[in-house]
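In my numbering, the protein residues as written are 80 to 491.
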């Protein structure tokens, strides 16, 4: 947890009777469509731990569950991932009118990057989709399809990004299927998808869905991708991996999820963000999620910015602290923001592949694709041939750049 001395003469647990610093957050009523703890619970745990060990110049932090309709005397808003209430508040300009800084969210929707009130921590769905398409094109994919959530902004933006970039590369988009997570027509849409891909199939299929919807879609047995099935980080959860294992769906094996974070799996489970992203102390399970990790990183960014802002913490001073800070973490690229929009804090994209195995040595896990070559001999009965994608700068709207070269053009 952040403990550096900046702005205050000391940092220790809150002084008895001192005012509390209020931070608004909306607690979603549903989460992912699978059995997995909410990121709100993980953020509460992190802030409780912070208050026990430290303070913001003698004041504790109070996380207030809010519908985000009014700011009151709060100094900031904590954005949680995949929350329609939070996204709607950004879209209608509510936070700008409140003049309140907003830290976090998932970064998937474009308006999180174009709002002057928001400091996003994640890579946009459009950038991740273009990066996935670019990599698949290098693998030989020339025909593409996308299945996207019709009720979430990230779904339609991912679909538009795929169609635009495939056209630029000279490929063909055979199918673009919008699905309603609560509708009972997924089987019909699956048949429509298979007809669109035709007898020769689609080389590359991209899923811009929540885990519960993705599991239902795959259980409808749509025509499989010939070269690569890929997805947004919404599927990068142990709950989705467990669902794939229980259903025994062969299409899950080798599914590649692209993320702006290194998720809390394998050797990365011991880092600080992952320690809080795991839900062990919440429900005695071992469930991790890249989206939960986004919430934990958001909380850490906000805590460090508050400490940097110093003893006279206001919304304005917090804005200034966020604009000048650089957040260093071992699970993402360095995050930096400026006064100008769009604010692109995260310039990172990495592919992770799901291994689902039903054999003598049963396994279900996400593995860093860079690790899979060394692990291949251990996969009993597996015909999967892994390819290391390496690290990538997430693909901007107009130009592709290698790692570390930065952004040009439209990052969305």
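Glycine included, each C-beta is placed from N, C-alpha and C at the ideal position.
Out of the options, which has the shortest C-alpha to C-alpha gap to residue i?
i: residue 330; options: 293, 385 and 118; result: 293
i: residue 211; options: 296, 237 and 402; result: 237
i: residue 97; options: 139, 107, 129 and 413; result: 139
i: residue 184; options: 156, 172 and 206; result: 156
i: residue 180; options: 173, 166, 193 and 197; result: 197
i: residue 420; options: 102, 409, 413 and 402; result: 402
i: residue 307; options: 390, 214 and 405; result: 214
i: residue 219; options: 205, 245 and 173; result: 245
i: residue 205; options: 338, 409 and 405; result: 338
i: residue 108; options: 100, 101, 117 and 102; result: 117
i: residue 106; options: 91, 275 and 144; result: 144
i: residue 148; options: 173, 141 and 137; result: 173
i: residue 388; options: 136, 91, 120 and 126; result: 136
i: residue 342; options: 409, 393, 207 and 418; result: 409
i: residue 285; options: 264, 318, 371 and 228; result: 228
Indicate whether residue i and residue j have their beta-carbon atoms separated by less than 9 Å.
i: residue 314; j: residue 233; result: no
i: residue 369; j: residue 336; result: yes
i: residue 340; j: residue 309; result: no
i: residue 224; j: residue 254; result: yes
i: residue 332; j: residue 434; result: yes
i: residue 134; j: residue 93; result: yes
i: residue 273; j: residue 257; result: no
i: residue 426; j: residue 193; result: no
i: residue 161; j: residue 119; result: no
Do you know offhand how far residue i's Cα is from residue j's?
i: residue 122; j: residue 374; result: 7 Å
i: residue 241; j: residue 177; result: 35 Å
i: residue 432; j: residue 416; result: 30 Å
i: residue 494; j: residue 104; result: The question about residue 494 has no answer here: the residues shown for the chain are numbered 80 through 491.
i: residue 200; j: residue 376; result: 7 Å
i: residue 209; j: residue 429; result: 12 Å
i: residue 259; j: residue 230; result: 6 Å
i: residue 190; j: residue 243; result: 19 Å
i: residue 249; j: residue 239; result: 15 Å
i: residue 301; j: residue 221; result: 19 Å
i: residue 168; j: residue 175; result: 10 Å
i: residue 299; j: residue 324; result: 16 Å
i: residue 304; j: residue 295; result: 17 Å
i: residue 380; j: residue 386; result: 10 Å
i: residue 163; j: residue 195; result: 19 Å
i: residue 100; j: residue 154; result: 7 Å
i: residue 391; j: residue 411; result: 30 Å
i: residue 326; j: residue 320; result: 10 Å
i: residue 405; j: residue 290; result: 32 Å
i: residue 141; j: residue 150; result: 14 Å
i: residue 130; j: residue 124; result: 10 Å
i: residue 400; j: residue 166; result: 24 Å
i: residue 216; j: residue 297; result: 23 Å
i: residue 126; j: residue 322; result: 31 Å
i: residue 334; j: residue 264; result: 24 Å
Does the Cβ of residue i have 16 or more other Cβ atoms within 10 Å, making it buried, or fewer, making it exposed?
i: residue 447; result: In this prediction, residue 447 has a pLDDT of 45, which is less than 50 and means its spatial position is unreliable; nothing more can be read from the coordinates.
i: residue 287; result: buried
i: residue 456; result: With a pLDDT of only 28 at residue 456, under 50, the local geometry of the prediction cannot be trusted, and no value is derived from it.
i: residue 407; result: exposed
i: residue 95; result: exposed
i: residue 128; result: exposed
i: residue 398; result: buried
i: residue 383; result: buried
i: residue 132; result: exposed
i: residue 395; result: exposed
i: residue 251; result: exposed
i: residue 422; result: buried
i: residue 424; result: buried
i: residue 261; result: exposed
i: residue 186; result: buried
i: residue 413; result: exposed
i: residue 316; result: buried
i: residue 268; result: buried
i: residue 91; result: exposed
i: residue 152; result: exposed
i: residue 367; result: buried
i: residue 277; result: exposed
Return no unless some Cβ of chain B is closer than 9 Å to the Cβ of residue i.
i: residue 404; result: No chain B is part of this structure, which consists of one protein chain only.
key: Complete runs of the alpha helix (DSSP H) confined to the region 146-196 [at least 4 residues]   = 163-170, 173-177 and 190-193
query = Counting only runs that start and end within the region 368-400, where is the beta strand (DSSP E) found for 3 or more residues in a row?
reply = none
Length-filtered (3 minimum) beta strand (DSSP E) runs lying within the region 256-321 = 283-287 and 307-310
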